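Please read the structure below before turning to the comments.
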Amino acid sequence: FFKQKTAYEIMPSLGAGDVYKRQKAEYALGEHVKVKLRLTYIGAENITTLLNSPPMFDFDVYDAQGRHIYKWTNKRGFICLAINLTWSPGKYIEETLSWEQTIHDYEGEQAPPGVYYITGRTYIIELQTPPIYIRLEDS
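Using this note's numbering, the letters of the sequence shown correspond one by one to residues 1252 to 1390.
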């Protein structure tokens, strides 16, 4: 049922604004970074797809050297479900997730000041967003 991956697009944003418009590029240490992800069906016909299990979205954080420091789903458990999703042209699903500026997922250590980039993804059809760069600064 996913013959054309190009029938979808996934776009990220930071903050509470429109998708793919950076609302904020700098964050104080300890401030939660809100990551909004939207998956839009851009095909021309109605289709139904199967999502085998939540989550629908996830994101990763990398430091300026490209080292992976955080994955949103690593600290969470999910109930396994099979969900049928019916898509009409222009339909979208979006979710806002949060990074608490911790590194190494389970240890909860505060990320140090510096530049980071975030990439989002959807497991519905395995698409990934372009990176969004942010800076963490001492207050």
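All residues carry an ideal CB built from backbone N, CA and C; glycine is no exception.
Nothing here was measured: the structure is a model prediction, and the numbers come from that model.
Beta-carbon separation of residue i and residue j under 8 Å?
i, j, result
"Thr1291", "Pro1306", "no"
"Ile1334", "Leu1302", "yes"
"Tyr1313", "Ile1354", "no"
"Lys1289", "Tyr1374", "Looking at the sequence itself, residue 1289 is Arg, so the reference to Lys does not match. Cβ distance not < 8 Å, so Arg1289 and Tyr1374 don't count as in contact."
Under the DSSP definition of a beta bridge, which residues are partnered with residue i?
i, result
"Ile1376", "Paired residues: none, contrary to the question."
"Ile1354", "Glu1360"
"Gly1294", "In DSSP, Gly1294 forms no bridge with anything."
Specify, as a first and last residue, the run of the beta strand (DSSP E) that residue i falls within.
i, result
"Leu1387", "Ile1383 to Glu1388"
"Ile1298", "Ile1298 to Leu1302"
"Glu1277", "Glu1277 to Ala1279"
Using only alpha-carbon positions, find the residue among the options that is nearest to residue i.
i, options, result
"Ala1276", "Thr1373, Tyr1368, Ile1375 and Tyr1374", "Tyr1368"
"Thr1337", "Trp1350, Val1366, Ala1315 and Gly1294", "Gly1294"
"Phe1308", "Tyr1384, Gly1281, Thr1380 and Ala1315", "Thr1380"
"Trp1350", "Lys1285, Gln1361, Gly1317 and Ala1279", "Lys1285"
"Arg1318", "Val1366, Ser1390, Thr1347 and Leu1280", "Val1366"
"Pro1363", "Leu1387, Glu1345, Lys1287 and Ile1298", "Leu1387"
"Lys1287", "Asp1311, Tyr1278 and Thr1347", "Thr1347"
**Asked** What runs of the beta strand (DSSP E), each 3 residues or longer, lie entirely inside the stretch 1318-1345?
**Response** 1319-1322 and 1334-1338
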